[in-house]
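Residue numbers (the numbering used here), protein chains in the order written: chain U, 1 to 289; chain G, 1001 to 1166. Each residue gets a CB set at the ideal place from its N, CA and C atoms; glycine is no exception. Worksheet: the structure to be examined is printed underneath.
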Amino acid sequence: MIPGKFDYHRPATLPEAVKLLAQYGDEARPLAGGHSLIPMMKLRLAQPGHLVDIGRIKDLRGIREDGGEIVIGAMTTQHELLASALLAKACPILLEAGQLIADPQVRYCGTLGGNVANGDPGNDMPAVMQALGASYVLAAAGGSRRVAARDYYEGPYATAAQTGELLTEIRIPRPAAGHGHAYLKLKRKVGDYATAAAAVILTLSGGKCAAASIALTNVGDTPIFAAAAAQALVGAALDGAAVKKAVDIAKGMTRPAADARGPVEYRTYAAGVMVARAIERAKSRAQKA
Amino acid sequence: MATRTVSLTVNGRAATVEVEDRTLLIHVLREKLGLTGPHIGCETTHCGACTVDLDGRSVKSCTVFAVQADGGQVVTIEGIANPDGTLHALQEGFREMHGLQCGFCTPGMITRAYRLLQENPNPTDEEIRWGISGNLCRCTGYQNIVKAIRYAADKLSGRGVKEAAE
């Protein structure tokens, strides 16, 4: 399978890249790791006339801290995330989710920016970013702006990014010291998208939940930020009743499709199981922290 | 038809090829350079038969445009053997431990394991399994592939190898 024809551009700098994206408008797509876009181009699900390869722009790579935020360049690969000592210490949910994405070869190429930007509801990092309260920096020829991950996703492959805008950075407020985290993903095999998956971040105080956030992957047209479910945990000892309430609220927010991963009822049930297990794992980690 | 010149170093030798922008790396390797070791299996980024080493990363060459690899260092199965022509420890391991049956996945498996062992010279069997989880084998059930990679890891690190498979 060979993709359709396109013109290839390889800008060396971010200003050149956004200029090309502005020039070609809807005809152009940025090419990051290519491991979502190239398969879609082979199947003619995407037929861009111009590809703007941002793989050689050094400014788009790297992981650093800036004030109270962890800043990850959009072209940072999943492989690089998994190797980051900074993230292992400060934001370990990214490693837990990252190792569940695709397979080793794909993770050498696939980027965090590509995973969060394209709006594929099967991608894992969008829900993680919603749970973390991250925001995305979108650059365009006229300047840049920030969009919260919780406001970014509008539908399958439909996002708040406008034509000509390029995701350059993911900015994550540094999670509280001693927080508990978990990303639980039910999948059929390595490389599969989730049947259902849940991200949980929480903190404990005096044995009770002081703050929590929950988000779900691939059980709707977009990632689902389940604020009401998380709210049901706050102030509770994270015992059976509070967890059951959160799980029930989260299940009520899902809108999974029936597909090869199972019928709607099964995937809804699986989402509840992932939420319950993620809460338990996050709680256990917070207790040990 | 517009073409573009791409320069690569493949198995230590410089190569310059004319390609369309849409030409995939696997097609350059197989059709322009005659390196038919990397196989075309699924063409959908799943099977790993087309795995090659590109700038120190294992990549599925069916999902990389040749233009993206411009200037890059590529190693294929044809470049794995030792300079004196003797088999690399991985090749020896696959032979000694019966790590292949039909052989279709083998070039991708060995090329992937080549990078895995450079990043993790003494992996556990569990780490080997995760390390080759992007490569499908439909014959062996993987057991002897894991043993073959373990054999190579032990030989390369001087730990001594276990006896060959029965």
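- By the beta-carbon neighbour count (other beta carbons within 10 angstroms, threshold 16), residue 1102 of chain G is exposed.
- Residue contact check for residue 183 of chain U against chain G: no CB pair falls below 7 Å.
- Contact between the segment 147-159 of chain U and the segment 240-253 of chain U is absent, with fewer than three C-beta pairs closer than 8 Å.
- Interface flag for residue 1058 of chain G against chain U is set, since a Cβ pair is found closer than 7 Å.
- DSSP, reduced to helix, strand and coil, places residue 234 of chain U outside both helices and strands of the structure shown, so it counts as coil.
- Neighbours of residue 53 of chain U in chain G, taken as residues whose beta carbon is under 7 Å from its own, are 1068 in chain order.
- For residue 183 of chain U, the enclosing beta strand (DSSP E) starts and ends at 180-186.
- With its beta carbon less than 7 Å from one in chain G, residue 1 of chain U belongs to the interface.
- Across the set U:75, U:87, U:58, the C-alpha of U:87 shows the shortest separation from the C-alpha of residue 64 of chain U.
- In chain order, 1021, 1022, 1023, 1024, 1025 place their CB closer than 8 Å to the CB of residue 1065 of chain G, counting only its own chain and leaving out the 5 sequence neighbours on each side.
- Taking a beta-carbon distance threshold of 7 Å, residue 105 of chain U counts as an interface residue toward chain G.
- Rounded to whole angstroms, the gap between the alpha carbons of residue 9 of chain U and residue 1004 of chain G is 11 Å.
- Non-local beta-carbon contacts of residue 1161 of chain G in its own chain, meaning distances under 6 Å to residues more than five positions away in sequence, involve 1151, 1154, 1155 in chain order.
- Pairing residue 158 of chain U with residue 183 of chain U gives a Cβ-Cβ distance that is not under 7 Å.
- Going by DSSP, residue 214 of chain U is part of the beta strand (DSSP E) stretching over 208-217.
- When C-beta distances to chain G are compared with 8 Å, the residues of the segment 2-20 of chain U below that value are 2, 3, 4, 5, 6, 7, 8, 10, in chain order.
- Residue-level contact by beta carbon fails for residue 1111 of chain G and chain U, as no gap is shorter than 7 Å.
- Against residue 1140 of chain G, chain U offers no close residue; the least beta-carbon distance is about 17 Å (beta-carbon pairs closer than 8 Å).
- Taking 7 Å as the threshold, the shortest C-beta distance from residue 1134 of chain G to chain U falls below it.
- Using beta-carbon distances, residue 190 of chain U counts as an interface residue toward chain G, with a partner under 7 Å.
- One Cα belongs to residue 1012 of chain G, the other to residue 77 of chain U, and the distance between them is close to 26 Å.
- Contact between residue 222 of chain U and residue 121 of chain U is confirmed by a C-beta separation of about 6 Å, below the 8 Å threshold.
- Between the alpha carbons of residue 239 of chain U and residue 93 of chain U lies a gap of roughly 23 Å.
- Rounded to the nearest whole angstrom, the CA to CA distance from residue 203 of chain U to residue 235 of chain U is 11 Å.
- Residues are counted here when their Cβ sits less than 7 Å from a Cβ of chain G; for the segment 25-41 of chain U these are 34, 35, 38, 39, given in chain order.
- For the segment 1004-1015 of chain G, residues whose beta-carbon sits nearer than 8 Å to a beta-carbon of chain U comprise 1004.
- Under the three-state reduction of DSSP output, residue 1161 of chain G falls in the coil class, being neither helix nor strand.
- Within 10 angstroms of the beta-carbon of residue 1083 of chain G lie fewer than 16 other beta-carbons, which makes it exposed.
- Per DSSP, residue 56 of chain U is not a residue of any alpha helix (DSSP H), being assigned neither H nor E.
- In this structure, residue 33 of chain U lies near residue 114 of chain U, with their beta-carbon atoms less than 7 Å apart.
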